[in-house]
Every structure is written in C-alpha cells, then in structure tokens.
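Enquirer: I'd like to ask some things about the structure below.
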Amino acid sequence: MNRKRSIALYRRALGLIPGGVNSPVRAFKAIGIPPVFIERAKGSKIWDVDGNEYVDYVGSWGPMIMGHAHPRIVRALKKTAPKGTSFGAPTPLEVELAMRVRKAFPSMELMRMVSSGTEAVMSAIRVARGYKGRNKILKFEGCYHGHGDSLLVKAGSGATTFGIPDSLGVPEDLARHTLTAPYNDLEKVKHLVNQYPEQIACIIVEPIAGNMGVILPEKGFLEGLRKICDEKGILFLFDEVITGFRVAYGGAQELYGIKADLTCLGKIIGGGLPVGAYGGKEKIMESVAPLGGVYQAGTLSGNPLAMAAGIETLEILKSRRVYHDLEKKTSYLTERIFESAEEQGVPVSINRATGMFTLFFTGGTVRDYFSAKTSDTKRFAKFFTEMLDQGIYLPPSQFEAWFISLAHTQKDLDKTIEACDTAFKKI
Ligand code: KE4
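Going by the working numbering, the first residue of the sequence shown is number 7, and it counts up by one from there.
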C-alpha cells in the first residue's frame, strides 16, 4: 500500500508534537512502522491521506459504536453549532443527557459532565477520598483509568504492597497511596484491605477490562469486591469509560446486576466529541462543589456540541435490538477468527464481550495482566502489518480491544476473516 503522504505528514508532525501524535498509542511504537494519518471516515470505514480504505476496528478507541459520521449525529451537530458552541453556563442539553445517563445507570443519582475519561476518573477518585476522608485507593494491575497521577502506578515489587510510579513526574509520596492487586484476585484484595484497615477510600475496577486487552471478570470477582466494599466501608468505583453503553445500554452494571457507588463514563456518551462523566449516590456526590468541599470544575464541561452528539448517540442505542445485533457480529467474527488461527496452527486466545474483543497471540487462558503479557507481541506486530496491508485497521497494540460498530456489515466481517486467513499464513 502506498502511504507516502502519511509518512511525509508524520515527519512534519515529529517536529511539532511529541512522537508526532497527540496520544502515545497512535504512534504505532508497538508495531514499528510509521502511523497512518486519517483523512476521513464513514460508517465502518476510514480512509488515510493516501486514499487507502480500511475497515476500522479502533473506532476512536470506543466512541464510534454507531459508526463514523452517522447522519443523525452530523445533523445534531449542524443544528447545535449555529446556536453557539460554548457558553460556560448551564444549558438544557446537559440536563437532557444527564437524564438519559441516569436512566441507563440508576446508580448515578447525581453526576457531573467533564471533558475526558481521565477527568472523570480523577474527579471521582478525589470525591471518594474527600467523602471517606481516606487517602489510599486500590486498583488492578493492567487496568488503565486515564493519566491522572494516582492511576499511573504499578504494582510495588515483591514485598512492597503499595504502588510505585508508572510514569516520570508522579511523586512517590502520591503513588504509595495506590495499592494494586492482580485482576480476578480476590484473595489479594482481602489481604490488602485487612493490611490497611479504614485507610482505603475506594476500589476502582474496569468491570470488563479493555486496557490489557479484553479480560472478563471471573464468576464472583465483581460480587466479591462489592461484598468487601460493603463490609469495610470502601466505595466501589466502576470505570465504565469503555463498557458504558458498549457491552449493554446500562454497561457492565446492567450485565452483572451490580451497583457501583461511583461510576465513570466517557467515549460513547460524547458520540465522538470530548466528554466524560462521573456520578454516584446522592449523598456521595453532594460532597462536590458548590454543594460540598470537593472541588472540581471545567470550562467546557457539558459542552453543547458534545451533549448534542451524546444525546443522539444514546437515542440510537436505546433500541434494545442494537446490542443483540452487536453481539451477533462479535460472536460471528471471533468464532471464525479463532477457527482460522486453529487451522493455520497459530496459538491464539480470544476474550470477548459484546462489541469488543482481543485476539491474544498466546495459547493460554488470559485472566489477568500476567497472563496477558505471555502474548507474542512480535507476532502481533507482524499480524497487524499484514492486516493493515489488506485494508483492515486494528488497534496498534496487543493490549487493546478491537471495537465493532453497528455499521460493520457482513461483508466487512467476511473481508476481515479472509484477511486473517492470509495473515495467519504469513506470520
Ligand atoms: P480519556 O482520558 O482517554 O478520554 O479516557 C481515559 C480512560 C479511562 N478509563 C478507561 C477504562 C479507558 O480505557 C480510558 C482510555 N482508553 C484508551 C484506550 N484504551 C484511550 C486511547 C488513548 O489513550 O489514546
């Protein structure tokens, strides 16, 4: 495939933007080829600046569940923009979106709109700490919750149970307040909670992990965490930035029938515009300024364009058939990809939920970060490049999710499977 214009643009971008990209994963570092610059997108397709067409499984990392440039979203934006794009004042649109979100997530009795998933999580963590008067939080290795300082923390080595910074610039004094445990490891959580009694403000979890590749909670894991939180007076924070309106209209909370104390959303609720939201029980959220002493603010919070796109997206997703159709597409594609790999003797493991999945290049079961890391990342990089050359655009990392949209057609899926057949042969 000719990608000359992408390469030229990349060179120019490198002189202006760190790594030539505005978010690290876009640099294709894990693949080792220059990133593709996108010109436009429609439905399930994206086109790069050299005119190459791809079936898109990144979908802007989750928001584009209804497909790119959906006519109803475009129409909503065209209707809203001429009335002004931002006022720094309350508008009817943010009330409308909050009503729709609360209908889907009844645990979000009160909520705040912000401008990214990171901002939603950062704010929710501050609320948990402020409401409980405790400093420690507990997260799971391999889960990503945006780039807030307290979340860029990895497991302490060996004996040290408290976290150590996973990024330069995060003070150790802060990182030590973040405890970490392996995903699906309830025993370790119990141990940490007993080691730090009355000190942990919240446990934050991706109820279905998407950031170490897709990893599902094992039976009893989420229920066990809920029980621990109830017994120890710890707030249970669901980071549903990916799973919210993705795996079900009411996210993982609907799927597993578990109520979170605090929930973070993003991506889909903005329909492709900058958005995040955090919310939870009224008594907890009443600690947020101007009602309470936990400060959080934002110039573009509840921005009319993002609200309009979000409202229209949720209107489209409201029809329950949406998730039935998305589930059918996901199982069709994953089953045939697995069959293809088996026929070619390529050891793979697939974890999936409605509308999202990961093809791990490892033969073992992937149930946590440790097992995810047994994947052959070099083989993934070759697979990615082969697929790209056949017009299939995958997330450029073994540890991300493929996202399927309502716009993916049977033809798209069959083209993807054929491309896998060829790619598995070559790698
Ligand atoms: P943003 O700040 O990127 O809007 O959201 C942060 C975030 C929070 N929580 C979860 C569960 C998330 O997955 C994310 C962001 N997801 C990544 C992709 N896995 C965004 C892509 C990127 O960083 O460029």
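Where a beta carbon is used, it is the ideal one built from N, C-alpha and C, also for glycine.
Since we're looking at a predicted model, the values are computed, not measured.
#1: Compute the distance between the beta-carbons of G6 and T383, then report whether it is under 7 Å.
#2: Quick one, are the C-beta atoms of K138 and A75 less than 7 Å apart?
#3: May I ask you to verify whether the stretch 321–340 touches the stretch 142–157, counting CB pairs closer than 8 Å and requiring at least 3?
#4: In chain order, what residues of the same chain lie with their CB nearer than 6 Å to the CB of G26, ignoring the 5 residues before and after it?
#5: Based on Cα-Cα distance, which residue from G278, L231, G230 and A283 lies nearest to E246?
#6: Is there contact between the stretch 301–319 and the stretch 77–88, where contact requires at least three CB pairs shorter than 8 Å?
#7: Of all the options E204, A254 and E193, which has the alpha carbon lying nearest to the alpha carbon of G226?
#8: Quick check: what's the CA-CA separation for I39 versus D395?
#9: Specify the secondary structure class of S129 as computed by DSSP and reduced to three states.
#10: Can you tell me whether S121 is buried or exposed? The criterion is at least 16 other CB atoms within 10 Å of its CB, across all chains shown.
#11: Quick check: the Cα distance between L412 and Y60, rounded to an integer number of angstroms?
#12: Do R78 and V300 come within 7 Å of each other at the CB atom, strictly closer than that value?
#13: Hey, how far is the Cα of I290 from the Cα of A134?
#14: Ordered along the chain, which non-local residues of its own chain (more than five positions away) have a Cβ less than 8 Å from that of F366?
#15: DSSP three-state label for K51, please.
#16: Starting from the C-beta of A104, find all residues in its chain whose C-beta is less than 6 Å away, skip the five residues before and the five after it, and write them out in chain order.
#17: Is the shortest distance between the beta-carbon of Q416 and the beta-carbons of chain D less than 7 Å?
#18: To the nearest angstrom, how far is it from the Cα of A130 to the Cα of T249?
#19: Does any heavy atom of ligand 1 sit closer than 6 Å to the C-beta of I248?
#20: Would a C-beta distance cut-off of 7 Å place N8 and D62 closer than the cut-off?
#21: Going by C-alpha to C-alpha distance, which of T364, E424, S293 and A387 sits closest to E349?
#22: With hydrogens ignored, establish whether the beta-carbon of W408 is closer than 6 Å to any heavy atom of ligand 1.
#23: Run through DSSP, which three-state label would R358 get?
#24: Residue ranges of each beta strand (DSSP E) run of no fewer than 3 residues wholly in the stretch 169–257, ordered along the chain?
#25: Considering just the uninterrupted stretch of the alpha helix (DSSP H) at R342, what are its terminal residues?
#26: Would G286 be called buried (16 or more neighbouring beta carbons within 10 Å of its own) or exposed?
#27: Consider the C-beta atom of T319 and the heavy atoms of ligand 1; say whether any pair is separated by less than 6 Å.
Expert: So, from the listed chains and residues:
#1: What is shown of the chain runs 7 to 433, which leaves residue 6 out entirely.
#2: Along the sequence shown, read from residue 1 onward, the residue named residue 138 stands at position 132. Along the sequence shown, read from residue 1 onward, the residue named residue 75 stands at position 69. In this structure, A75 does not lie closer than 7 Å to K138 by Cβ.
#3: Not touching, per the Cβ criterion.
#4: Taking the sequence shown and counting its residues from 1, one reaches residue 26 at position 20. If we look at G26 and ignore the five residues flanking it on each side, its Cβ neighbours are Y16, A19 and L20.
#5: Stepping through the sequence shown from its first residue, residue 246 is reached at position 240. Distances from the alpha-carbon of E246 to those of G278, L231, G230 and A283 put A283 closest.
#6: Cβ pair count under 8 Å is three or more, so yes.
#7: Within the sequence shown, numbered from 1, the residue matching residue 226 stands at position 220. Ranking E204, A254 and E193 by Cα distance to G226 puts E193 first.
#8: Counted from its first residue, the sequence shown places residue 39 at position 33. Counted from its first residue, the sequence shown places residue 395 at position 389. The straight-line gap separating the alpha-carbon atoms of I39 and D395 is approximately 12 Å.
#9: As a first step, residue 129 must be located in the sequence shown, where it is residue number 123. If DSSP states are grouped into helix, strand and coil, S129 belongs with the helices.
#10: Against the sequence shown, residue 121 aligns to sequence position 115. Counting the other Cβ atoms within 10 Å of the Cβ of S121 gives 16 or more, which makes it buried.
#11: Here residue 412 corresponds to residue number 406 of the sequence shown, with the count starting at 1. Here residue 60 corresponds to residue number 54 of the sequence shown, with the count starting at 1. Just so you know, the alpha carbons of L412 and Y60 end up roughly 16 Å apart.
#12: Along the sequence shown, one-based indexing puts residue 300 at 294. Along the sequence shown, one-based indexing puts residue 78 at 72. Their beta carbons are not under 7 Å apart, which means V300 does not touch R78 by this criterion.
#13: One-based indexing of the sequence shown puts residue 290 at position 284. One-based indexing of the sequence shown puts residue 134 at position 128. Cα to Cα, I290 sits roughly 8 Å from A134.
#14: As a position in the sequence shown, residue 366 is number 360, starting the count at 1. Excluding positions up to five away in sequence, the list reads G219, V354, S355, I356, N357, V372, A378, S381 and Q404.
#15: What you label residue 51 is simply residue 45 of the sequence shown in a count that begins at 1. Per DSSP, reduced to three states, the secondary structure at K51 is strand.
#16: The residue you call residue 104 lines up with position 98 of the sequence shown. M117, listed in sequence order.
#17: Of the protein chains in the structure, only one exists, and it is not chain D.
#18: The residue you call residue 130 lines up with position 124 of the sequence shown. The residue you call residue 249 lines up with position 243 of the sequence shown. Rounded to whole angstroms, A130 to T249 spans 17 Å at the Cα level.
#19: For the purposes of this step, residue 248 is taken as residue 242 along the sequence shown, with counting starting at 1. Because some heavy atom of ligand 1 lies under 6 Å away, the Cβ of I248 counts as near it: yes.
#20: Translated into positions along the sequence shown, residue 8 becomes position 2. Translated into positions along the sequence shown, residue 62 becomes position 56. Their beta carbons are not under 7 Å apart, which means N8 does not touch D62 by this criterion.
#21: One-based indexing of the sequence shown puts residue 349 at position 343. Among T364, E424, S293 and A387, the Cα nearest to that of E349 is on E424.
#22: Looking up residue 408 in the sequence shown gives position 402. Checking the Cβ of W408 against ligand 1 gives no.
#23: For the purposes of this step, residue 358 is taken as the residue at position 352 of the sequence shown. Three-state result, R358: strand.
#24: The stretch 169–257 contains these whole beta strand (DSSP E) runs: 184–187, 206–211 and 241–245.
#25: Along the sequence shown, read from residue 1 onward, the residue named residue 342 stands at position 336. Element bounds for R342: R327 to E349.
#26: Here residue 286 corresponds to residue number 280 of the sequence shown, with the count starting at 1. Classified as buried, G286 has 16 or more neighbouring CB atoms from the shown chains inside 10 Å of its CB.
#27: Within the sequence shown, residue 319 is the residue found at index 313, counting from 1. Every heavy atom of ligand 1 is 6 Å or more from the Cβ of T319, so no.
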